[in-house]
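A short write-up of the structure that comes next.
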Ligand code: OGA
Ligand code: MN
């Protein structure tokens, strides 16, 4: 397996390895897992992707999430990101499916609004528009390391609240349905997630984050927004332009990502599997022990 660096200090393309290799070989999995811990975003090109092989690859990294209520693919291990309606035609630009695509275009990390957050997401492109529709990534690990020591120390002992309804509310007040709100109460997470393998900290931020524990609401939101703007500053991101056969996986503990727009009359269909950040013993890797105050 060859590792070719891609982005500004993070991200890598893996050559000489397939999804099926990782699904079937402990050695291939170990090599990809090590690259994942180090590079945060991995690109595999020219893959023969089916739902089955994507899921078999994904399961190597931990337990797959079951898709939440209100998303396409609910109850399965697949999230289907698409603006293609049941009749096979692209839905109009004011349709809820298009609004959900726009919500995905806000900088975020997946599943920070869930009781168990996500370790990694694995995304494959199935229908690609002619223009646009890239996915852009930022390293919140490198962003954390750019901060001064005082700010780093402060954030290691800070906790932010994340709510799915907050990010959806930025697109339309009622985009999060009553069922989604009931299923997804706000969650509070440490603002720095330390990688258990290499010890490097990363900002844990998302469009879902709306408040900082112990801070006045407007000041907390401003801190979140200022950190997110710094973490995604121009020149610090990797833009992935999709080709047929591409699979991209990212570390939700150490990155943010956003979809980029494309002409709304063009079809785009992506399939995601998402792996929970949970150890074999069933303990979430973020809390405890990450819930306890840092030194
Ligand atoms: C996702 C996501 C963005 C895109 O799959 O989690 O945010 O470009 N995707 O589809
Ligand atoms: Mn996402």
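Numbering (the numbering used here), first residue to last: 20 to 314. Note that CB positions come from ideal geometry on N, CA and C, so glycine has one too.
Since residue i contacts residue j with CB under 8 Å, what's their CB separation in whole angstroms?
i, j, result
"residue 315", "residue 242", "The structure shown does not extend to residue 315, since the chain spans only 20 to 314, so no value can be given for it."
"residue 291", "residue 141", "7 Å"
"residue 211", "residue 220", "5 Å"
"residue 103", "residue 288", "6 Å"
"residue 293", "residue 130", "6 Å"
Roughly how many whole angstroms lie between the Cα atoms of residue i and residue j?
i, j, result
"residue 273", "residue 169", "20 Å"
"residue 54", "residue 30", "9 Å"
"residue 106", "residue 65", "30 Å"
"residue 318", "residue 108", "Look at the range of the chain in this structure, 20 to 314, and you will see that residue 318 is not part of it."
"residue 152", "residue 34", "24 Å"
"residue 314", "residue 51", "Caution applies to residue 314, whose pLDDT of 41 falls short of 50 and renders its modelled position unreliable; the value that the coordinates give is listed next. Going by the C-alpha atoms only, they are around 32 Å apart."
"residue 82", "residue 297", "8 Å"
"residue 95", "residue 87", "9 Å"
"residue 202", "residue 188", "16 Å"
"residue 32", "residue 26", "10 Å"
"residue 192", "residue 46", "48 Å"
"residue 311", "residue 150", "In this predicted model, residue 311 has a pLDDT of only 45, less than 50, meaning its place in the structure is not dependable; the value taken from the coordinates is given anyway. Between residue 311 and residue 150, the C-alpha separation is close to 46 Å."
"residue 44", "residue 75", "11 Å"
"residue 184", "residue 115", "15 Å"
"residue 144", "residue 98", "12 Å"
"residue 271", "residue 224", "10 Å"
"residue 113", "residue 186", "18 Å"
"residue 28", "residue 166", "16 Å"
"residue 250", "residue 158", "7 Å"
Buried or exposed: residue i, going by 16 or more other Cβ atoms within 10 Å of its Cβ?
i, result
"residue 133", "buried"
"residue 69", "exposed"
"residue 85", "exposed"
"residue 182", "buried"
"residue 38", "buried"
"residue 284", "exposed"
Measuring only from the beta carbon, is residue i closer than 8 Å to any heavy atom that is part of the ligand GTP?
i, result
"residue 259", "In terms of ligand content, the structure shown lacks the ligand GTP and carries the ligand OGA and the ligand MN instead."
Original post:
Between the region 59-69 and the region 260-268, do three or more beta carbon pairs fall short of 8 Å?
Top reply: Flag = yes, the region 59-69 and the region 260-268 touch.
**OP:** Would you check if there are 3 or more beta carbon pairs closer than 8 Å linking the region 269-287 to the region 118-138?
**Re:** yes
Original post:
What are the start and end residues of each continuous alpha helix (DSSP H) run of 4 or more residues lying completely inside the region 26-79, in chain order?
Top reply: 38-43, 45-58 and 70-78
Original post:
Which runs of the beta strand (DSSP E) fall wholly inside the region 208-281 and span at least 3 residues, in chain order?
Top reply: Taking 3 residues as the minimum length, the beta strand (DSSP E) runs contained wholly in the region 208-281 are 211-213, 220-222, 228-231, 256-259, 266-270 and 274-278, in order along the chain.
**OP:** Jot down the residue ranges of each uninterrupted alpha helix (DSSP H) in the region 162-199, minimum 4 residues, whole runs only, in chain order.
**Re:** 168-175 and 183-188
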